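Going down the list, the sequences are from chains A and B. For the first sequence, our numbering assigns the number 124 to the initial residue and increments by one for each residue that follows. For the second sequence, our numbering assigns the number 1115 to the initial residue and increments by one for each residue that follows. Glycine residues also receive a C-beta, built at the ideal position from the N, C-alpha and C atoms. The structure displayed is predicted, hence computed values, not measured ones.
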Amino acid sequence: MLFNALVKYSFVAMAIIIGFSASMYADEGDQVRVVGSSTVYPFSTVVAERFGRASRFKTPIIESTGTGGGFKLFCSGVGKNTVDITNASRAILPSERTMCVENGVRNIIEVKVGYDGIVLVHDRNAQHFSITTRDIFLALAETIPDGRGGFVSNDNTMWSDVNPAFPSVTIEVLGPPPTSGTRDAFIELAMETGCKTYRSIITLEHSNPSRFKKICQTIRDDGAYIEAGENDNLIIQKLTSNENALGIVGFSFLNQNIDRVRAVSINGINPSFAAIAEGSYIISRPLFFYVKGEKIGFTKSLMPFVEAFLDKAATGEDGYLTYRGLVPMSAVEHQRYKHAVRKAMNSVGEVP
Amino acid sequence: MTNKPHPLSMASLPGLDKRYRAEKRFKFAGVLAVFSSLAFLGFLIVAIALKSAGAFQTYEVEILVKKEKYLELRDQPFIFLQSTMRYNLSGVVNGQAMREAVNMVVDGAEIDLLDHIENLQQNTRADGLGSYSVWVTLSNRVVSALSKQDIGTNLTARQQAWVEGWVANNKVRQRFNVGFLTNGDSRDPERAGIGSALVGSAFMLLVCMVLSFGVGILAAIYLEEFAPKNKYTVFLEVNINNLATVPSIIFGLLGLSVFLNLFGLPRSAAIVGGMVLALMTMPTIIIASRLALQSVPLSIREAAFSVGASPLQTVFHHVLPLALPGMLTGTILGMARAIGETAPLLMIGMLAFIVEAPDNIFDPASVLPVQIFLWAESPERGFEEKTAAAIIVLLAFLLVMNLTAIILRKKLEKKW
Chain A
124 MLFNALVKYS
134 FVAMAIIIGF
144 SASMYADEGD
154 QVRVVGSSTV
164 YPFSTVVAER
174 FGRASRFKTP
184 IIESTGTGGG
194 FKLFCSGVGK
204 NTVDITNASR
214 AILPSERTMC
224 VENGVRNIIE
234 VKVGYDGIVL
244 VHDRNAQHFS
254 ITTRDIFLAL
264 AETIPDGRGG
274 FVSNDNTMWS
284 DVNPAFPSVT
294 IEVLGPPPTS
304 GTRDAFIELA
314 METGCKTYRS
324 IITLEHSNPS
334 RFKKICQTIR
344 DDGAYIEAGE
354 NDNLIIQKLT
364 SNENALGIVG
374 FSFLNQNIDR
384 VRAVSINGIN
394 PSFAAIAEGS
404 YIISRPLFFY
414 VKGEKIGFTK
424 SLMPFVEAFL
434 DKAATGEDGY
444 LTYRGLVPMS
454 AVEHQRYKHA
464 VRKAMNSVGE
474 VP
Chain B
1115 MTNKPHPLSM
1125 ASLPGLDKRY
1135 RAEKRFKFAG
1145 VLAVFSSLAF
1155 LGFLIVAIAL
1165 KSAGAFQTYE
1175 VEILVKKEKY
1185 LELRDQPFIF
1195 LQSTMRYNLS
1205 GVVNGQAMRE
1215 AVNMVVDGAE
1225 IDLLDHIENL
1235 QQNTRADGLG
1245 SYSVWVTLSN
1255 RVVSALSKQD
1265 IGTNLTARQQ
1275 AWVEGWVANN
1285 KVRQRFNVGF
1295 LTNGDSRDPE
1305 RAGIGSALVG
1315 SAFMLLVCMV
1325 LSFGVGILAA
1335 IYLEEFAPKN
1345 KYTVFLEVNI
1355 NNLATVPSII
1365 FGLLGLSVFL
1375 NLFGLPRSAA
1385 IVGGMVLALM
1395 TMPTIIIASR
1405 LALQSVPLSI
1415 REAAFSVGAS
1425 PLQTVFHHVL
1435 PLALPGMLTG
1445 TILGMARAIG
1455 ETAPLLMIGM
1465 LAFIVEAPDN
1475 IFDPASVLPV
1485 QIFLWAESPE
1495 RGFEEKTAAA
1505 IIVLLAFLLV
1515 MNLTAIILRK
1525 KLEKKW
């Protein structure tokens, strides 16, 4: 009987609690929802946290869904429970824009966050050499052209095999594992570019895309490329004990360890804030987020959050995001973006 | 053993020693199995516990802030922090030194500083010296140098000198990290806590419990006491048993397509998480409850019927109270599984950076296992110990729940 009563009362209590909290189910209009790229996620979360602590608004909620998945959610509609912002490590595709428009998302405001640069570094005392994307491809791909129109598996063991001008040291490159976004970007921006310097491969891109992908995007696994984990600090530490090794790290790590390592210039360009920001350094890409204009009037904290993101203290040249590894835009570009975004937001914001 | 003469002679029982040897081998293998599993468990727990030690402590440094600087710079937090650090540390002469100085305290310390000073103004206004003294959390890098006594490896020469100066002047204090149990998630390991995740887990468990216990027990009673035994109920039974073994990620997909897309419930909310987990635990509860009902002897029911009770009265007045301890045990074990579940929650948007604790079950919520997953993925070094500490908390939770189940069973279950 005791249990009967206990169960009865606990059910009543739970029903009251649930009913109570259900009645408090106000609309979620006060909290920004962000989805999208895992590359932008670390920056987004830092801004969101500071925004939540320093303002009277709630901290935005940020999900890491990948760029494509982010657009899918972003373009699903303009209703109450839809997301306000999606992060992207590339610009929006025309097909994604069409999908958005079909679902009523018409006012898409593009905001550039900054750049993501990937650098090849080696020990400060190592013999300096300049490298091209074709050299990177020849050193790291699993299959390379044999020079007679066919393909062979890569048997270059020395840098001098790749290019006679290079020193004859063993090819040893420490880089991130396949789960890493840095590696994806490296493959896309460095390997593929190098790969496409061969005419035979360019024709392959159209005639046999899957073969093209396999040749250009597969990194050799015979020990020349060493997976050194996601931790860039670790790679830097290993480089200082091995002068012959190269490491693939994010640009910010070069910046913080300039006393220990030096960057290899690629296609003749040395990585620098300026070279990355203007795009002349090839292994770099802009990072964006997209704001749903339709939600600006509805989600009260959306505009302040975007403002906080575009604040000089955050994405500016010496903003706190640079401490987290963001390559910032130049002051001029930053200013221009800020004005453009503010204008776009205000023009949408007026119409409720 | 071997030199003692056995009552049955070996000669009369050929092969006896062989059978004894087989038994010994089996015993040895069994003991080995038990010990190795215990060793693995012990290793796991000791490793995690050792790693988590640092997470429960926090180091703070006393920072002096000039009042006029505060009034002048409070609208530019980062510049305010820089000027404060320059005031507190000697030799901040160039950009590199400034960077090192700012790195001495936790990232985002400017907001802490401003916050503290504002509260101080409202509460006390006591200091007449023209400066505030604020305790600020040290950065993880400095803390690891302090606690491991290897100041040299992580810090620059300048930073080492600063730390030594602070320690010499008694400006550094160490205390229990209350924030770890009360704060929400943060990108700074120094500030991250499991407070929000605990609240989120509690809300989710509440929803899961109400749904799975309510529905599960009703289903079990109906199937066991009222339903006719025909091919339909047998089919149902097979399905329920099958459902109990479905991988949890499938329930997550179901939650995504039905609860989120069809019903339009909010993403990352405790209610959706609770509903998904309720689906997952319900079969377990139904099976456990049916076993509990079956264990109530027929004589109880017959006695009730014989004094004129209706079937409903029989079940609710006599059978159910006797079966309840068993049902509760099953429910608690189901809940214990649910609280540690992550996979289905990933599908419904709970793998997200959520700082604030939810106010109700419709608010976006973070839960313990997801928090552990997020921290384990974070690149910042300090999250290693936070992850371990969160695992310890989750294990403690599970231990309490399982203990409750055992105690309930021991105390209340009747043997017939």
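Span of the alpha helix (DSSP H), counted from its first residue to its last, around residue i
{"i": "Y443 (chain A)", "result": "443 to 446"}
{"i": "Q1273 (chain B)", "result": "1271 to 1282"}
{"i": "G175 (chain A)", "result": "164 to 177"}
{"i": "H329 (chain A)", "result": "322 to 330"}
{"i": "V1386 (chain B)", "result": "1384 to 1408"}
{"i": "P1490 (chain B)", "result": "Checking the sequence, you will find Ala at residue 1490 (chain B) rather than Pro. 1482 to 1491 is the span of the alpha helix (DSSP H), which, as asked, contains A1490 (chain B)."}
{"i": "N1355 (chain B)", "result": "1345 to 1357"}
{"i": "K1181 (chain B)", "result": "1181 to 1187"}
{"i": "S1524 (chain B)", "result": "Reading off the sequence shown, one finds Lys at residue 1524 (chain B), where the question assumed Ser. From DSSP, the alpha helix (DSSP H) with K1524 (chain B) extends over 1497 to 1526."}
{"i": "G1328 (chain B)", "result": "1309 to 1335"}
{"i": "P217 (chain A)", "result": "217 to 225"}
{"i": "A347 (chain A)", "result": "Counting along the chain, A347 (chain A) falls outside any alpha helix (DSSP H), and DSSP gives it neither H nor E."}
{"i": "I1193 (chain B)", "result": "1191 to 1202"}
{"i": "E315 (chain A)", "result": "315 to 318"}
{"i": "E430 (chain A)", "result": "425 to 433"}
{"i": "E1137 (chain B)", "result": "1130 to 1166"}
{"i": "T266 (chain A)", "result": "That residue, T266 (chain A), is in no alpha helix (DSSP H); its beta strand (DSSP E) goes 266 to 268."}
{"i": "E1338 (chain B)", "result": "From DSSP, E1338 (chain B) is part of no alpha helix (DSSP H); its letter is neither H nor E."}
{"i": "I185 (chain A)", "result": "Not the alpha helix (DSSP H): I185 (chain A) falls in the beta strand (DSSP E), residues 184 to 186."}
Supposed contact pair residue j and residue i - C-beta distance, whole angstroms, cut 8 Å
{"i": "S1362 (chain B)", "j": "P1483 (chain B)", "result": "About 11 Å; that fails the 8 Å criterion."}
{"i": "T341 (chain A)", "j": "A264 (chain A)", "result": "7 Å"}
{"i": "K361 (chain A)", "j": "A347 (chain A)", "result": "No, K361 (chain A) and A347 (chain A) are not in contact; Cβ-Cβ is about 15 Å, not under 8 Å."}
{"i": "A1358 (chain B)", "j": "T1296 (chain B)", "result": "A1358 (chain B) to T1296 (chain B), Cβ: 37 Å. No contact."}
{"i": "E430 (chain A)", "j": "I349 (chain A)", "result": "Between I349 (chain A) and E430 (chain A) the Cβ distance is about 44 Å, and since that is not below 8 Å, they are no contact."}
{"i": "M1449 (chain B)", "j": "T1501 (chain B)", "result": "Not confirmed; about 23 Å, so no contact."}
{"i": "A1316 (chain B)", "j": "I1400 (chain B)", "result": "Not a contact, Cβ separation roughly 24 Å."}
{"i": "T190 (chain A)", "j": "A211 (chain A)", "result": "5 Å"}
{"i": "M1318 (chain B)", "j": "A1504 (chain B)", "result": "Not quite, the Cβ-Cβ distance comes to about 16 Å (not below 8 Å), so this is no contact."}
{"i": "V471 (chain A)", "j": "N230 (chain A)", "result": "5 Å"}
{"i": "T182 (chain A)", "j": "G175 (chain A)", "result": "3 Å"}
{"i": "I267 (chain A)", "j": "F374 (chain A)", "result": "With 8 Å as the limit, I267 (chain A) and F374 (chain A) do not qualify as a contact, their Cβ atoms being about 28 Å apart."}
{"i": "I184 (chain A)", "j": "R213 (chain A)", "result": "Their Cβ separation, rounded to whole angstroms, is 23 Å, which puts I184 (chain A) and R213 (chain A) out of contact at 8 Å."}
{"i": "V158 (chain A)", "j": "L433 (chain A)", "result": "V158 (chain A) to L433 (chain A), Cβ: 19 Å. No contact."}
{"i": "S1403 (chain B)", "j": "M1441 (chain B)", "result": "4 Å"}
{"i": "L1252 (chain B)", "j": "M1218 (chain B)", "result": "7 Å"}
Neighbour list for residue i in chain B, Cβ cutoff strictly below 9 Å
{"i": "R169 (chain A)", "result": "Note that residue 169 (chain A) is Val in the sequence shown, not Arg. The contacting residues are D1221, G1222, R1301, D1302."}
{"i": "A436 (chain A)", "result": "Q1190, P1191, F1192, I1193"}
Interface residues of chain B facing residue i [CB-CB closer than 7 Å]
{"i": "T509 (chain A)", "result": "Absent from the structure is residue 509 (chain A), since the part of chain A shown begins at 124 and ends at 475."}
Neighbour list for residue i in chain A, Cβ cutoff strictly below 9 Å
{"i": "P1478 (chain B)", "result": "E151, Q154, R156, I184"}
Residue range of the unbroken beta strand (DSSP E) whose run includes residue i
{"i": "A386 (chain A)", "result": "384 to 386"}
{"i": "G159 (chain A)", "result": "156 to 159"}
{"i": "D278 (chain A)", "result": "Taken as a continuous stretch (DSSP letters only), D278 (chain A) belongs to no beta strand (DSSP E), as it is neither H nor E."}
{"i": "V244 (chain A)", "result": "231 to 246"}
{"i": "V1292 (chain B)", "result": "Unbroken run through V1292 (chain B) is the alpha helix (DSSP H), 1292 to 1296; no beta strand (DSSP E)."}
{"i": "V414 (chain A)", "result": "407 to 415"}
{"i": "I208 (chain A)", "result": "208 to 211"}
{"i": "L297 (chain A)", "result": "296 to 298"}
Cross-chain neighbours of residue i in chain A, by beta carbon under 8 Å
{"i": "I1225 (chain B)", "result": "R173, R176, A177"}
Q. Which residues, taken in chain order from the region 1446 to 1465 of chain B, show a beta carbon closer than 8 Å to some beta carbon of chain A?
A. G1463, L1465
**Q.** beta strand (DSSP E) runs wholly inside the region 349 to 401 of chain A, at least 3 long, in chain order
**A.** 369 to 373, 384 to 386
Q) Can you give, in chain order, each stretch of the alpha helix (DSSP H) that sits fully within the region 1402 to 1463 of chain B and has at least 4 residues? A) 1412 to 1420, 1434 to 1453, 1457 to 1461
Q: Could you run through the region 436 to 462 of chain A and flag, in chain order, every residue whose CB is less than 9 Å away from some CB of chain B?
A: A436, D441, G442, Y443, Y446, R447
Q: Check each residue of the region 200 to 213 of chain A: if its Cβ is closer than 7 Å to any Cβ of chain B, include it; give the result in chain order.
A: N204
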